[in-house]
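Report on the following structure.
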């Protein structure tokens with residue numbers, strides 16, 4: 087291996103994609119057990135590597151030299167092998183600082199909570215300390231001289247203004263979890279998560295729901311990778327490449343999720359949008375029909391709505407964890423908020439809004455067999471669509487205009503600050 091990433095579990099990593107777009111080399115993912123880690127470091131059969139959980143501190147005894155930043159932090163995520171010697175660096179610092187500045191999150195004079203105490207936490211603490219944080223509290227599941235417990239955090243430090251998560255809690259495939267409840271923090275201004283898969287963790291989405299600045303870890307990952315490439319190859323790169331690659335990767339990985347009443351055009355517009363965007367189209371109702379092997383109306387009649395919603399929830403979870411999809415949901419998916427929260431983690435939830443007088447009735451729709459039932463259902467679900475949607479596309483005229491609006495909303499999602 088010439089270039090690559092070492093860590094214990096790397097199935098979630100985007101690093102190969104990022105490095106191979108930043109530089110003209112092959113970048114390998116090299117998962118290492120703790121038992122094989124020692125031999126790998128002693129053999130030194132690489133030119134340059136990045137290091138992730140749990141080895142950012144464990145690599146230090148194998149190094150011949152560390153740059154001052156890495157030495158001060160006490161963690162290394164970048165190693166270069168030259169003249170049979172290993173040199174350690176920390177580019178997490180640079181990536182994290184870039185992300186804070188980009189999103190105008192200013193630690194100066196702020197009380198800040200950092201969740202976790204590993205290598206990533208050390209880099210983040212170094213950044214916010216250098217940027218003038220007033221008070222920094224490290225939170226860990228058990229108290230120590232260097233950390234406070236979550237219980238103490240809730241009881242005594244609910245006035246924190248910024249919370250930074252450096253733990254793997256909320257990372258795929260356990261994306262339903264958040265490391266902390268944000269409700270008690272009345273002075274909160276921003277939340278930052280170093281986790282980047284899913285694109286928006288539950289922690290980040292909770293921050294958005296609370297109305298604060300909320301940022302996931304993808305820009306940090308790209309920023310630190312750019313700095314690592316500079317060290318690997320000995321050449322400078324412009325910072326604007328970070329944002330270009332971020333937008334490209336966000337487009338490549340994001341889902342476009344369509345919600346709205348049955349008959350509003352989700353399936354037709356979804357197929358058209360998938361073709362234009364180069365994504366795979368998925369219809370949740372069609373996937374359920376494949377599984378239950380009968381029409382949905384028949385399943386409703388035999389098993390009831392509750393049984394159907396359970397099937398729907400499982401199908402939503404399955405596809406929300408995948409990437410680069412256009413997902414057409416059933417009209418009632420918004421009845422369960424957890425469905426929407428799950429779908430938002432890797433995608434934009436877009437409401438296809440069609441005038442109720444233009445909606446179709448009947449035709450296998452168990453809850454909207456006629457116009458009156460459709461109107462009642464529309465009035466019942468209107469607040470749910472309003473609460474769930476991150477953007478709205480009107481579909482009251484031609485399909486071409488409807489598609490143009492869908493693509494416009496998706497483009498805004500990719501480029502918003």
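In this note's numbering, the protein residues as written are 87 to 503. Built from N, CA and C at the ideal position, the CB exists for glycine as well.
Return the residue from the list the options that minimises the CA-CA distance to residue i.
{"i": "residue 98", "options": "106, 127 and 281", "result": "281"}
{"i": "residue 445", "options": "481, 412 and 474", "result": "481"}
{"i": "residue 159", "options": "489, 205, 364 and 199", "result": "205"}
{"i": "residue 337", "options": "288, 347, 316 and 362", "result": "362"}
{"i": "residue 463", "options": "478, 489 and 421", "result": "421"}
{"i": "residue 395", "options": "230, 424 and 130", "result": "424"}
{"i": "residue 100", "options": "211, 484 and 334", "result": "334"}
{"i": "residue 149", "options": "216, 173 and 155", "result": "173"}
{"i": "residue 313", "options": "418, 501, 92 and 180", "result": "180"}
{"i": "residue 468", "options": "308, 327 and 348", "result": "348"}
{"i": "residue 216", "options": "254, 155 and 261", "result": "155"}
{"i": "residue 328", "options": "320, 130, 183 and 410", "result": "183"}
{"i": "residue 309", "options": "484, 330 and 240", "result": "330"}
{"i": "residue 258", "options": "321, 191, 432 and 322", "result": "432"}
{"i": "residue 198", "options": "389, 275, 168 and 169", "result": "275"}
Would you mind sorting residue i into buried or exposed? The rule is 16 or more other CB atoms within 10 Å of its CB.
{"i": "residue 171", "result": "exposed"}
{"i": "residue 380", "result": "exposed"}
{"i": "residue 486", "result": "exposed"}
{"i": "residue 117", "result": "exposed"}
{"i": "residue 208", "result": "buried"}
{"i": "residue 128", "result": "exposed"}
{"i": "residue 121", "result": "exposed"}
{"i": "residue 443", "result": "exposed"}
{"i": "residue 193", "result": "buried"}
{"i": "residue 125", "result": "exposed"}
{"i": "residue 359", "result": "buried"}
{"i": "residue 247", "result": "buried"}
{"i": "residue 460", "result": "buried"}
{"i": "residue 288", "result": "buried"}
{"i": "residue 504", "result": "Not covered by the structure: residue 504. The range shown for the chain is 87 to 503."}
{"i": "residue 501", "result": "exposed"}
{"i": "residue 295", "result": "exposed"}
{"i": "residue 67", "result": "Limits of the chain in this structure are 87 at one end and 503 at the other, which puts residue 67 out of reach."}
{"i": "residue 393", "result": "exposed"}
{"i": "residue 238", "result": "exposed"}
Does DSSP put residue i in a helix, in a strand, or in coil?
{"i": "residue 152", "result": "strand"}
{"i": "residue 82", "result": "No answer is possible for residue 82: it lies beyond the span of the chain, which begins at 87 and ends at 503."}
{"i": "residue 212", "result": "helix"}
{"i": "residue 484", "result": "coil"}
{"i": "residue 459", "result": "helix"}
{"i": "residue 499", "result": "helix"}
{"i": "residue 293", "result": "helix"}
{"i": "residue 334", "result": "helix"}
{"i": "residue 315", "result": "helix"}
{"i": "residue 433", "result": "strand"}
{"i": "residue 477", "result": "strand"}
{"i": "residue 221", "result": "strand"}
{"i": "residue 298", "result": "coil"}
{"i": "residue 191", "result": "coil"}
{"i": "residue 201", "result": "strand"}
{"i": "residue 91", "result": "strand"}
{"i": "residue 490", "result": "helix"}
Do residue i and residue j have their C-beta atoms within less than 8 angstroms of each other?
{"i": "residue 270", "j": "residue 244", "result": "yes"}
{"i": "residue 94", "j": "residue 119", "result": "yes"}
{"i": "residue 90", "j": "residue 135", "result": "yes"}
{"i": "residue 225", "j": "residue 186", "result": "no"}
{"i": "residue 104", "j": "residue 311", "result": "yes"}
{"i": "residue 365", "j": "residue 344", "result": "no"}
{"i": "residue 132", "j": "residue 88", "result": "yes"}
{"i": "residue 353", "j": "residue 414", "result": "yes"}
{"i": "residue 404", "j": "residue 374", "result": "no"}
{"i": "residue 200", "j": "residue 250", "result": "yes"}
{"i": "residue 195", "j": "residue 228", "result": "no"}
{"i": "residue 368", "j": "residue 108", "result": "no"}
{"i": "residue 492", "j": "residue 355", "result": "yes"}
{"i": "residue 278", "j": "residue 298", "result": "no"}
{"i": "residue 166", "j": "residue 152", "result": "no"}
{"i": "residue 286", "j": "residue 430", "result": "yes"}
{"i": "residue 317", "j": "residue 111", "result": "no"}
{"i": "residue 435", "j": "residue 476", "result": "yes"}
{"i": "residue 474", "j": "residue 426", "result": "yes"}
{"i": "residue 439", "j": "residue 382", "result": "no"}
{"i": "residue 419", "j": "residue 370", "result": "yes"}
If you measure from the CB of residue i, is any heavy atom of the ligand GDP nearer than 7 angstroms?
{"i": "residue 217", "result": "Among the components of this structure there are no ligands whatsoever, and the ligand GDP is therefore not found."}
### Within the region 342-424, ranges of the alpha helix (DSSP H) (whole runs, at least 4 residues)
Listed in chain order, the complete alpha helix (DSSP H) runs (minimum 4 residues) inside the region 342-424 are 352-363, 370-378, 382-389 and 391-406.
#### Entry: Contiguous beta strand (DSSP E) assignments of at least 3 residues, all confined to the region 250-287
Taking 3 residues as the shortest admissible run, the region 250-287 contains the following complete beta strand (DSSP E) segments, listed from N- to C-terminal end: 276-279.
### Message
Quick check on the DSSP output: what are the complete beta strand (DSSP E) runs of length 3 or more inside the region 98-170, in order along the chain?
### Response
List check, beta strand (DSSP E) in window: 113-117, 134-137 and 164-168.
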